[in-house]
Amino acid sequence: MMIFLIGFMGCGKSTLGKKLATKLGYDFIDLDHVLEDKVGSNIGDYFAANGEDAFRRLESKLLKEHNYPANCVVATGGGAPCYFDNMEWMNDNGVTMYVEMSPIALAKRLEKGKEKRPLIKDMNHEQLIDFIETRLVERNRFYKRAILSVDGINLTPDKALEHLSQFI
Ligand code: S3P
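Numbering (numbering that gives the first Met the number 0), first residue to last: 0 to 167.
Shown next as structure tokens:
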């Protein structure tokens with residue numbers, strides 16, 4: 000069984016994913032890290048050198064071609080569901096869970112550590128909120144295709160497991 004966690008940058012996919020995987024005895028895979036291992040640099044440097052289009056193509060290829068263990072929780076990059084047929088592919092190959100959060104909550108969480116995220120690294124607070132609001136409207140079209148949607152605020156692995164119980 001594969002569980003794909005999707006949602007905007009900063010919604011907590013990786014933190015939740017690790018804990019959830021431990022609880023279930025599944026492996027945890029962070030697709031951003033898979034890509035970083037593959038190219039041998041961090042995402043920021045890869046973006047700067049190759050541009051976003053190249054990043055999206057590689058992200059999609061790795062999503063679909065990664066050699067997944069039978070049981071795993073996969074944290075995907077915030078944009079991954081929104082390009083090519085990635086969302087459909089995830090729905091065909093596992094259970095997708097959208098970790099939902101408001102723009103204000105996301106902005107607060109993203110203020111720290113934003114330098115690691117090329118799309119937002121140079122933004123001030125106002126620009127960040129604007130960016131999140133605009134992007135979330137566009138992206139929700141894809142995120143909402145997830146099989147499960149859960150509130151990301153105070154989301155514990157146990158709560159996530161309750162949502163997943165019909166599938167595992
Ligand atoms: C991106 C989100 C990032 C990473 C890249 C682009 C996005 O992943 O894939 O910086 O387009 O939202 P996280 O959601 O893990 O930060």
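Quick reminder that beta carbons are idealized off the backbone N, C-alpha and C, glycines included. Being a predicted model, the structure only gives us computed values, none of them experimental.
Annotation note: the region 4–49 contains the following uninterrupted beta strand (DSSP E) runs of length 3 or greater, listed N- to C-terminal: 26–29. DSSP assignment within the region 77–160 yields the following whole alpha helix (DSSP H) runs of 4 residues or more, N-terminal first: 85–92, 102–110, 124–142. Relative to Y142, the option among L23, I5, A20 whose CA is nearest is I5. Relative to ligand 1, the nearest heavy atom lies less than 7 Å away from the CB of D31. Between F27 and the set N139, L34, M1, the nearest pair of CA atoms involves M1. G78 and H124 have their C-alpha atoms spaced approximately 21 Å apart. Rounded to the nearest whole angstrom, the C-alpha separation of M96 and G151 is 11 Å. The beta carbon of L118 sits closer than 7 Å to at least one heavy atom of ligand 1.
Exposure of L160 is indicated by the presence of fewer than 16 other C-beta atoms within 10 angstroms of its C-beta.
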